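A.B. asks:
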Amino acid sequence: MSKKIMILPGDGIGPEIVEQAVAVLKTADEKFGLNLEFSQGLIGGASIDAHGEPLTDAELAKAGECDAVLLGAVGGPKWDTLDRAIRPEKGLLKIRSGLGLYANLRPAILYPQLAGASSLKPEVVSGLDILIVRELTGGIYFGEPRGIQTLENGEKQGFNTYVYKESEIERIARTAFEAAQKRGGKLCSVDKANVLEVTVLWREVLDRLAPEYPDVELSHMYVDNAAMQLVRAPKQFDVMVTGNMFGDILSDAAAMLTGSIGMLPSASMNETGFGLYEPCHGSAPDIAGQGIANPLATILSAAMMLRYSLDMGQAADAIEAAVSKVLDQGLRTADIYTEGSKKVSTAEMGAAVVAAF
Ligand code: NAI
Ligand code: MG
């Protein structure tokens, strides 16, 4: 049976980088007989221009019927003057919440060929390969009540509510345990159980599930220490799992250990295994249309899609190996260019990955 992939290029550099990722997927399809079926839709500025809204209900429904979605990026000055409710970025929120994509997976891998791009010393980051699993649809970003109120003495007070139900913790924990099983077998759960009751429950749920995953070694760490350890000795980690806010902060920190935003893929998944795959970066309006954007984050997102949503790990490995090979060849888009390497365009980089299979 074929697997249906919906392609949502978005706007800005989105269409340029997605074109390269689709070419790579088609090559993987031919080589491994994956039987992929592609459809294309509009999101972000492209949808606003065509339909007056960042994601139509019809397009959302179509996405939900597919096995996975590959997205480029959205947003840009052209649409910045629009009402907040119909800005391009609202299309992203709509598809994430509309499809219940609660599990955000962000790998941070340092390619040895790009070691010079990291802000940390080579011996601290060389060989870095960690995965942060962030809960994406709950926690303090969504808890009620929230707001700003005026107290009796006239002073204002802001408040948010940090809540997690056991079921919400359990489903993200299972995603993380399963990811750890497929990787190095180590899972570090990050919380603040010394202060926050909600994370005492978080820790309890992780401990309760651990016996079901005897091949995974579970540890716990307080978030402040985790931030410190990420910078001090990041290679001690394999998979980290944490709530929405801690994950937001730690995943950005981990991402920058690798040096370049043009290299970072991501996945956002729901309990059926359905996922939305996209680069971590935005639509880069400053370089859109110039053919110089780095397509590797999107190509690596496509590899994640094959691994996590479509159970095609072998093809995913092949894509990642091809990316590594083009870096070995010294090919660099402008964002990762260093003296002595060979500067290539978006299309040349995509073609090189295809050729490296
Ligand atoms: P950005 O990630 O688009 O760009 C930041 C810087 O990185 C720019 O200098 C850009 O040229 C560069 N850059 C980004 N991706 C690159 C790539 N693949 N190759 C080479 N260079 C790359 O973030 P920025 O400028 O803050 O936001 C621009 C627009 O994108 C905004 O409208 C923002 O809301 C939107 N955005 C969308 C996201 C998404 O679609 N998931 C995520 C982040 C921002
Ligand atoms: Mg963030």
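Take 1 as the starting number for the sequence shown in UniProt numbering and just add one per residue.
Beta carbons: idealized from backbone N, C-alpha and C, even for Gly.
In this text, all values refer to a predicted model and were calculated from it rather than measured experimentally.
Tell me the DSSP secondary structure of Q40 in three-state form.
C.D. replies: DSSP places Q40 in strand when its eight states are reduced to three.
A.B. asks: Could you tell me the boundaries of the beta strand (DSSP E) in which Y141 lies?
C.D. replies: Segment: none, Y141 is in no beta strand (DSSP E) and carries neither H nor E.
A.B. asks: Taking 8 Å as the CB-CB cut-off, is S324 touching chain B?
C.D. replies: Of the chains in the structure shown, none is chain B; there is only one protein chain.
A.B. asks: Taking C-beta to C-beta, are M304 and P265 nearer than 8 Å?
C.D. replies: In this structure, P265 lies closer than 8 Å to M304 by Cβ.
A.B. asks: Who are the Cβ neighbours of G262 in its own chain at under 6 Å, not counting the five residues just before and after it?
C.D. replies: Only N294, A297 and D335 meet the Cβ criterion.
A.B. asks: Is G72 closer than 8 Å to G14 when the C-beta atoms are compared?
C.D. replies: Cβ distance < 8 Å, so G14 and G72 count as in contact.
A.B. asks: If the criterion is Cβ atoms closer than 8 Å, does the pair L230 and A253 meet it?
C.D. replies: Yes, they are a contact pair.
A.B. asks: In its own chain, which residues sit with a C-beta less than 7 Å from the C-beta of I172, not counting the 5 before and 5 after it?
C.D. replies: Closer than 7 Å at Cβ, skipping near neighbours: Y102, A103, V133, E135 and V241.
A.B. asks: Do M221 and V195 count as a contact pair if the criterion is CB distance below 8 Å?
C.D. replies: Cβ atoms of V195 and M221: not closer than 8 Å.
A.B. asks: For V163, which of helix, strand or coil comes out of DSSP?
C.D. replies: V163 falls in the coil class under three-state DSSP.
A.B. asks: Are the CB atoms of L209 and R174 within a distance shorter than 8 Å?
C.D. replies: Yes.
A.B. asks: As a quick exercise: from P285, A347 and A315, pick the residue whose alpha carbon is nearest that of P77.
C.D. replies: Measuring from the Cα of P77, the nearest candidate turns out to be P285.
A.B. asks: When the Cα of A108 is compared with those of S301, E339 and A356, which residue comes out closest?
C.D. replies: Minimum Cα distance to A108 is reached at S301.
A.B. asks: Report the CB separation of V216 from F246 in whole angstroms; it is logged as a contact under 8 Å.
C.D. replies: That pair is no contact at about 20 Å.
A.B. asks: Can you tell me whether R171 is helix, strand or coil according to DSSP?
C.D. replies: R171 falls in the helix class under three-state DSSP.
A.B. asks: Thinking C-beta only, is G12 closer than 8 Å to G75?
C.D. replies: Going by C-beta atoms, G75 is nearer than 8 Å to G12.
A.B. asks: Should E278 be listed as close to the ligand NAI, given that the test is whether its C-beta is under 7 Å from any heavy atom?
C.D. replies: Flag set: Cβ of E278 near the ligand NAI.
A.B. asks: In whole angstroms, what separates the C-alpha of G340 from that of P234?
C.D. replies: Spanning the two alpha carbons is a distance of roughly 29 Å.
A.B. asks: Any heavy atom of the ligand NAI closer than 7 Å to the beta-carbon of P285?
C.D. replies: Yes.
A.B. asks: According to DSSP, K3 sits in a beta bridge with which residue or residues?
C.D. replies: Paired residue(s): L36.
A.B. asks: Look at L310 and A68 and say whether their C-beta atoms are less than 8 Å apart.
C.D. replies: Taking 8 Å as the Cβ cut-off, L310 and A68 qualify as a contacting pair.
A.B. asks: Which of helix, strand or coil does DSSP assign to N104?
C.D. replies: Of the three classes helix, strand and coil, the one that applies to N104 here is strand, per DSSP.
A.B. asks: Is the beta carbon of V125 closer than 8 Å to that of L331?
C.D. replies: Against a cut-off of 8 Å, the Cβ pair of V125 and L331 comes out as no contact.
A.B. asks: When every heavy atom of the ligand NAI is checked, does at least one fall within less than 7 Å of the C-beta of G10?
C.D. replies: Yes, since a heavy atom of the ligand NAI falls inside the 7 Å radius drawn around the Cβ of G10.
A.B. asks: So within the segment 234 to 291, which uninterrupted beta strand (DSSP E) runs reach at least 3 residues, ignoring any that extend past its ends?
C.D. replies: Within the segment 234 to 291, the complete beta strand (DSSP E) runs of at least 3 residues are 239 to 242, 265 to 269 and 275 to 279.
A.B. asks: Consult DSSP for R332 and reduce its assignment to one of helix, strand or coil.
C.D. replies: Strand, per DSSP.
A.B. asks: Per DSSP, what kind of secondary structure is M312 in: helix, strand or coil?
C.D. replies: Here M312 sits in coil by DSSP.
A.B. asks: Measure from the alpha carbon of V326 to the alpha carbon of each residue in L82, Q113, R96 and E19, then state which is nearest.
C.D. replies: Out of L82, Q113, R96 and E19, Q113 has the C-alpha closest to the C-alpha of V326.
A.B. asks: Please tell me whether G138 and N244 are closer than 8 Å, where the distance is taken between their beta carbons.
C.D. replies: Taking 8 Å as the Cβ cut-off, G138 and N244 qualify as a contacting pair.
A.B. asks: With Y164 and W202 assumed to form a contact (beta carbons below 8 Å), what rounded beta-carbon distance in angstroms separates them?
C.D. replies: Their Cβ separation, rounded to whole angstroms, is 6 Å, which keeps Y164 and W202 in contact under 8 Å.
A.B. asks: For the ligand NAI, I want to know if I299 counts as a neighbour, meaning its beta carbon is within less than 7 Å of at least one of the ligand's heavy atoms.
C.D. replies: It does not: the Cβ of I299 is nowhere closer than 7 Å to a heavy atom of the ligand NAI.
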